[in-house]
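Comments concern the structure below.
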Amino acid sequence: MTSLIRRAFAVAVIAITALCAQPSLAADTIKIGYIDPFSGAFAQGGDASLKMFQFIIDYINDKGGALGRKFELVTFDDKLQPAEALIALKSVTDQNLPFVMSCVGSNVGSALIDAVTKYNTRNPDNRLLQLNCGQLATELTNEQCSFWHFRFVGSVEMRAVARIKSLPQSVKSVYLVNQDYLFGQSIEKDTKRFLAQYRPDITIVADEFIPLMQIKDFAPYITKIKASGAQSLLTGNYGPDLNLLIKAGVDSGLNIRYDTYLGHVIGAATAIGAAGDGRLTSVMEDHENVPVEEHNAEAEEFFKRWRATHDFAFIALPSVTQFQMLVRAINQAGSTDAVKVALALEGMEQKDLFGATEIMRKEDHQLLLPYYEAVFTKDVKYDVEKTGLGWKTEAKVPTAEETLPTTCKMKRP
Amino acid sequence: MQIGLISLLDGLVYGMLLFMLASGLTLILSMMGVLNFAHASIYMLGAYFAYQISRWVGFWPALVLAPVLCGLIGAAIEVWGLRRVHHNGHIAELLFTFGLVFIIGRAVQMVWGMLPMPYRVPAGLDFPLFTLYGENFPAYRGFMLLVSAGMLCATWLLLKKTRIGLIIQASLTHPGMVSALGHNVPRVFTIVFAGGSLLAGLAGVIAGNYLTTESGMADAMGPIVFVVVIFGGLGSLAGCFIASILMGMVQTFSVVIDYSFADLLKPLGITLTANDLLGEILTIPVSRIGPLVPYALLILILLFRPRGLLGTRET
Amino acid sequence: MSDAAQSPDVRVLHPAQSRTRSFLIWPWLIALAIAVVLPWLFYDWQHARHAGFVLSMLSQMGMMVIFALSFNMLMGQAGLLSFCHSVLFGFGGYSTVHFLNAAGAGELPVPMELMPLLAGFSGLGLAIVVGYVASKQRSTAFAMITLGIVQLVTTAATMFHHFFGGEGGIKTDREIGISLFGLEYGKSIEVYYLIVAWMMIAAAAMYYHTGTPLGRMANACRDNHERAQFVGYDPRVVRFLQFALSGFFAGIGGGLFAITYEIVTFDAVAAPLAANALLMAYIGGATTFVGPVLGAVLITAMQSGVSLMSNSWLIYVGVLFIAMVTFAPAGLTGIIVAHTPIARAGLLHRLLLPYLRLLVPALLSLFGFVGVVELLSFLTIGAAQGKQLALFGHPLDIAGTTPWLVSLLCLFGGGYWLLREAARFRGVWDNLTAALPRAGAA
Chain A
10 MTSLIRRAFA VAVIAITALC AQPSLAADTI KIGYIDPFSG AFAQGGDASL KMFQFIIDYI
70 NDKGGALGRK FELVTFDDKL QPAEALIALK SVTDQNLPFV MSCVGSNVGS ALIDAVTKYN
130 TRNPDNRLLQ LNCGQLATEL TNEQCSFWHF RFVGSVEMRA VARIKSLPQS VKSVYLVNQD
190 YLFGQSIEKD TKRFLAQYRP DITIVADEFI PLMQIKDFAP YITKIKASGA QSLLTGNYGP
250 DLNLLIKAGV DSGLNIRYDT YLGHVIGAAT AIGAAGDGRL TSVMEDHENV PVEEHNAEAE
310 EFFKRWRATH DFAFIALPSV TQFQMLVRAI NQAGSTDAVK VALALEGMEQ KDLFGATEIM
370 RKEDHQLLLP YYEAVFTKDV KYDVEKTGLG WKTEAKVPTA EETLPTTCKM KRP
Chain B
54 MQIGLISLLD GLVYGMLLFM LASGLTLILS MMGVLNFAHA SIYMLGAYFA YQISRWVGFW
114 PALVLAPVLC GLIGAAIEVW GLRRVHHNGH IAELLFTFGL VFIIGRAVQM VWGMLPMPYR
174 VPAGLDFPLF TLYGENFPAY RGFMLLVSAG MLCATWLLLK KTRIGLIIQA SLTHPGMVSA
234 LGHNVPRVFT IVFAGGSLLA GLAGVIAGNY LTTESGMADA MGPIVFVVVI FGGLGSLAGC
294 FIASILMGMV QTFSVVIDYS FADLLKPLGI TLTANDLLGE ILTIPVSRIG PLVPYALLIL
354 ILLFRPRGLL GTRET
Chain C
2 MSDAAQSPDV RVLHPAQSRT RSFLIWPWLI ALAIAVVLPW LFYDWQHARH AGFVLSMLSQ
62 MGMMVIFALS FNMLMGQAGL LSFCHSVLFG FGGYSTVHFL NAAGAGELPV PMELMPLLAG
122 FSGLGLAIVV GYVASKQRST AFAMITLGIV QLVTTAATMF HHFFGGEGGI KTDREIGISL
182 FGLEYGKSIE VYYLIVAWMM IAAAAMYYHT GTPLGRMANA CRDNHERAQF VGYDPRVVRF
242 LQFALSGFFA GIGGGLFAIT YEIVTFDAVA APLAANALLM AYIGGATTFV GPVLGAVLIT
302 AMQSGVSLMS NSWLIYVGVL FIAMVTFAPA GLTGIIVAHT PIARAGLLHR LLLPYLRLLV
362 PALLSLFGFV GVVELLSFLT IGAAQGKQLA LFGHPLDIAG TTPWLVSLLC LFGGGYWLLR
422 EAARFRGVWD NLTAALPRAG AA
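Below you can see the structure in the form of structure tokens.
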């Protein structure tokens with residue numbers, strides 16, 4: 010009896026899928042396929058990015074879009090699995106979308122670079138470009154670089170430079186903790202490299218890897234850290250791995266600096282709260298108090314408009330630059346053809362929202378931009394996630410110092 | 054010595070938390086044979102309910118109300134769900150609870166969103182209890198120990214000293230006979246499932262503000278709780294207790310051991326590098342493979358003593 | 002487990018029919034024909050190319066069919082619930098990536114068509130090692146051992162780089178240039194036909210296996226392991242052999258996975274994939290050979306297709322399980338098989354009208370349920386993401402009461418109507434089965 014329900018359900022599902030799967034050539038918009046996790050344990054990251062991108066696209070469309078056409082996002086859920094991302098890519102190419110974008114998960118980014126390169130080689134009449142809005146592993150614009158891939162955020166090594174250079178002179182010993190996977194290992198490598206280069210006076214007391222998202226109780230780690238006597242806990246952890254680590258440290262009264270790479274990412278402020286006051290620092294592309302510090306009224310308005318409808322911080326400044334560059338490139342190329350747009354994008358310089366010049370380097374398609382190092386404190390105008398505390402810049406590393414050599418040997422079409 | 058003593062305390066706290074979660078599951082699994090995959094989801098619900106209630110009324114009412122809510126939900130699952138499915142076999146019950154995991158997980162995301170909740174330790178408990186070798190031991194951890202110990206005592210008293218406890222004990226090992234003797238075994242099942250869910254909810258209330266309250270917390274706790282339950286053995290709360298403390302200690306102490314198997318071979322003059330798979334396995338320090346150890350222990354005990362440490366029945 | 006709990010298991014996975022079954026070739030031929038022709042139905046004539054997404058989904062279905070069938074060798078045939086089947090699948094995949102890299106570098110002169118066979122052997126190898134450990138126990142202890150194994154291997158896969166590539170996985174290029182038919186396998190359609198070919202071979206082999214003495218003894222050990230022992234077979238050896246063989250076929254599936262996606266990550270060994278196999282086999286029907294095939298096709302379509310449309314697809318999957326588990330534990334094929342006595346008596350047409358009467362309220366309550374879930378989801382998550390809920394292209398206003406009222410009405414009204422119709426249907430069904438001429442006990 011209820012078998013029929015199931016059968017009907019299955020038929021309905023497939024029918025509706027077939028109906029909706031037809032490419033909707035509704036308005037004549039420039040469509041960007043956006044692949045990120047929107048369900049499952051990592052949905053938080055994709056969700057936050059999507060909201061920021063909707064905001065940015067509205068902003069760009071209000072200014073006219075490109076070639077008189079507006080931008081539109083077509084989202085695909087990859088559940089943070091490379092295989093799913095590749096299936097989603099097939100949908101993107103089926104619908105002839107000229108761009109594919111992805112922000113979460115360096116492993117997904119790496120898989121996409123491979124797949125896009127293979128697709129473009131095997132299908133020269135329907136090429137597409139890959140826009141990387143948040144996959145940070147340094148390898149993606151070094152060993153794995155590709156002509157079709159453009160990264161619009163700072164790589165791990167760029168962040169490492171900012172992180173190391175902004176450590177106060179008083180810090181002489183650091184304890185490294187990182188997550189045991191591609192991204193965390195990338196951070197550990199680059200951290201050590203730049204410590205040796207810029208701060209040889211600092212001793213690395215210990216170098217720890219923790220399994221990704223598995224540890225619940227960080228108290229034993231805190232014990233080790235305390236026993237080591239390190240002055241700074243230098244970590245690339247994010248998510249629960251960061252929040253729980255800091256909570257455990259604060260609870261046990263550990264007197265240490267928490268110098269993080271991703272302490273500004275969504276959810277961290279809520280989880281850490283007042284306990285992080287004055288202790289937590291992070292390196293980031295932007296925070297909402299920069300316009301106040303740099304007396305930039307237009308940027309401050311931008312953030313105020315965001316804050317009116319969202320209760321988490323806007324951290325996607327380079328993504329604004331991404332779209333500004335994309336608009337110029339498409340207008341210059343006169344179409345969305347992959348090769349033409351790519352050639353136009355390469356080497357482009359663009360003034361970002363704060364007035365700094367950002368450059369899309371030709372050799373490896375890496376965006377070069379300045380970094381801010383900021384401390385989490387009460388003493389600010391705009392707070393984060395309604396905690397009463399926000400970010401205050403301690404140091405700014407200009408673009409020139411962030412320009413690092415690359416090992417990329419790009420194969421050009 | 055310093056590290057040893059502090060790790061001992063930390064391991065105890067973590068072990069007691071595991072015990073709170075695992076005890077409910079042991080009761081359910083031993084008595085009904087149901088592998089309740091949704092147990093960790095109810096733990097998550099307990100944390101979210103506690104957060105919500107503590108925002109409206111305060112932490113202390115939440116400590117009482119949230120577990121009760123979870124118990125009611127457990128009872129509802131048993132009466133309207135598992136009872137219908139019971140006659141279809143154990144795999145059917147397992148899949149039922151499996152389906153619940155998805156639904157509860159998504160429902161939580163829909164109601165509370167995807168960000169972690171700012172569920173904080175209550176101000177009254179947010180101070181260091183004592184200082185050991187310069188490290189603070191937070192009062193809240195002491196509170197956690199207190200609640201878990203109290204819960205352990207209460208459960209033990211209930212099972213050993215009350216009539217319903219006797220019936221439950223009997224049903225743990227011989228449900229068929231108990232039913233033949235005229236007791237309302239289905240009702241006992243419901244009580245046990247509700248009780249187990251209440252314990253899971255209580256664990257959620259306590260742990261939700263100590264760890265973070267977010268939609269991934271069920272997936273994070275689930276596997277280790279199963280390991281504890283099987284390791285301790287079916288039908289035995291004492292075994293479950295020992296297993297929880299053991300797992301807690303193992304996980305805590307493995308973190309402080311930075312040696313690897315290769316270090317054992319160094320005095321013999323053999324130096325290994327991580328250049329190939331075997332080298333990698335042998336040079337990895339114990340602190341990195343800590344999370345693997347419970348699963349290895351589980352496999353070992355199932356091979357050589359399948360009824361677990363103190364189990365009273367064959368699994 | 003109490004003895005009382007034993008019999009329900011036996012009843013659900015009822016033993017194979019004792020009468021000899023005749024081998025029918027035509028279902029196989031029809032299935033092959035459908036598999037070959039299907040991609041062409043979605044061919045994009047405008048751009049003169051295949052629909053990539055459809056090919057992806059069909060390829061995924063092919064792999065999952067092999068995976069689910071091999072899983073059912075354990076669950077349906079041998080009564081072994083294994084949570085680590087994905088480990089065998091994934092290991093086949095990882096090995097194949099290494100084989101392909103070696104072949105591409107000229108060190109391994111094996112043609113692409115035989116790569117899945119190599120993958121099968123690596124799956125077999127690991128299954129022998131793992132199976133030796135796991136088969137020492139049966140029933141729940143076995144399941145728990147496999148649970149421990151899958152967690153162990155998943156964590157190990159993210160840690161060790163040389164074989165597993167760590168969290169990023171390992172990649173390969175399938176255009177190795179060695180082929181029995183001179184194909185490059187750059188195009189997805191060629192890979193798809195490779196998958197179809199191996200799917201038929203694997204399915205045929207597994208079907209043949211069910212009739213062999215080992216296959217039959219696996220059934221016997223499932224039904225009554227004590228009696229099997231008394232008859233003279235060692236259930237432990239039977240379990241071990243069955244596990245090893247199922248690993249072989251799972252490895253083949255993994256090899257095809259590696260060839261299709263050219264990347265294998267730790268998700269290919271992780272527990273969610275093993276859980277998928279369980280779903281497919283169970284929902285399709287673990288008691289028949291073809292059940293897992295049906296389950297694999299349906300679940301793959303749901304996961305790829307439904308998740309495109311809605312982020313709440315997890316809820317639908319959850320509700321589907323629960324509905325299946327409560328009302329139809331023998332799976333979809335179990336339901337179909339339940340109709341055979343009626344069909345044989347020629348009374349099937351009497352069910353036509355009752356089914357139609359069920360269809361309308363069923364669709365109505367389904368529509369209502371989907372509506373409520375989607376509206377709720379949009380209220381809290383979707384609206385903040387700036388999306389618009391659209392029904393067949395018409396945007397809906399979430400804040401307004403009409404969509405809510407309509408959905409709730411359909412859900413509860415349709416649900417109540419459905420319950421009444423279901424009761425009536427039950428009556429008709431019982432009457433029909435009672436009226437059937439009593440054949441001898443089957």
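Residue numbers (the numbering used here), protein chains in the order written: chain A, 10 to 422; chain B, 54 to 368; chain C, 2 to 443.
Cβ atoms here follow ideal geometry from the backbone N, Cα and C, with glycine treated the same way.
Quick caveat: nothing in here was measured; it's all calculated off a predicted structure.
- Contact annotation: in the segment 275 to 305 of chain B, residues whose CB is within less than 8 Å of a CB in chain C are P276, F279, V280, I283.
- Interface residue (Cβ-Cβ distance to chain C less than 8 Å): B:L148 is classified as such.
- For A:I275, the secondary structure class from DSSP, reduced to helix, strand or coil, is coil.
- As a beta-bridge residue in DSSP terms, B:P181 pairs with B:P191.
- At a C-beta separation below 9 Å, C:G319 has these neighbours in chain B: F151, G152, L153, V154, F155, I156, I157, G158, R159.
- Here B:K213 is exposed, its C-beta having fewer than 16 other C-beta atoms within 10 Å.
- Using a Cβ-Cβ cut-off of 8 Å, C:F267 does not count as an interface residue toward chain B, since no Cβ of chain B sits closer than that to its own.
- At least one beta carbon of chain C lies nearer than 8 Å to the beta carbon of A:D189.
- At a cut-off of 8 Å between beta carbons, A:N116 contacts chain C.
- Here B:M274 has L74, A93, Y96 as same chain residues with Cβ atoms under 7 Å from its own Cβ, once five neighbours each way along the sequence are excluded.
- Taking C-beta separations shorter than 8 Å and ignoring five residues to either side along the sequence, the partners of A:T244 in its chain run L185, V186, N187, L251, L254, Y267, D268, T269, Y270, following chain order.
- Taking all protein chains in view, the Cβ of A:F47 is crowded by 16 or more other Cβ atoms within 10 Å, so the residue is classified as buried.
- Here C:F143 is not near C:A278, since their CB atoms are 8 Å or more apart.
- If you ignore the 5 residues before and after B:N262, its C-beta comes within less than 7 Å of the C-beta of Y172, R173, V174, all in its own chain and listed in chain order.
- In the structure shown, the three-state DSSP call for A:E410 is helix.
- Nearest Cα to A:I122 within the set C:G169, C:F328, C:A205, C:L412: C:G169.
- A:P249 has a beta carbon lying within less than 8 Å of a beta carbon in chain B.
- A:I275 reaches chain B at L168, counting residues in chain order whose Cβ is nearer than 8 Å.
- Closest in alpha carbon position to A:D87, among C:W314, C:S408, C:Y194, is C:W314.
- In the same chain as A:P300, and ignoring 5 residues on each side of it, the C-beta atoms closer than 6 Å to its own belong to A308, E309, in chain order.
- Around C:R223, the same chain offers A79, G80 as residues with beta carbons nearer than 6 Å, after the five sequence neighbours per side are excluded.
- The three-state reading of DSSP puts C:A34 in helix, counting H, G and I together.
- Here B:V132 has T243 as same chain residues with Cβ atoms under 7 Å from its own Cβ, once five neighbours each way along the sequence are excluded.
- Distance check between C:H51 and each of A:A92, A:Q104, A:I44 places A:Q104 closest, using alpha-carbon atoms only.
- The DSSP-derived three-state label of C:G319 is helix.
- The beta carbon of C:V151 sits closer than 8 Å to the beta carbons of F84, C85, S87, V88, V270, A271, A272, A275 from its chain, once the five residues preceding and following it are set aside; these are given in chain order.
- Taking a Cβ-Cβ cut-off of 8 Å, C:I260 has no neighbours in chain B, whose nearest Cβ is about 23 Å from it.
- For B:D63, the neighbours in chain A by C-beta distance under 8 Å run, in chain order, D226, A228, P229, T232.
- In the same chain as C:T211, and ignoring 5 residues on each side of it, the C-beta atoms closer than 7 Å to its own belong to Q78, F290, in chain order.
- Our two residues, C:R358 and C:E422, have alpha carbons roughly 7 Å apart in a direct line.
- Per DSSP, A:G73 lies in no beta strand (DSSP E) segment and is marked neither H nor E.
- The beta carbon of B:I126 sits no closer than 8 Å to any beta carbon of chain C.
- Listed by position along chain C, the residues whose Cβ is nearer than 9 Å to that of A:D37 form an empty set, because the closest Cβ is around 17 Å away.
- At the C-beta level, A:V113 and A:G143 come within 8 Å of one another.
- In summary, the residues of the segment 44 to 68 of chain A whose CB is separated from some CB of chain B by less than 7 Å are A50, A52, Q53, D56, in the order they occur in the chain.
- Looking at the backbone, the Cα of C:G369 and that of C:L419 are separated by about 13 Å.
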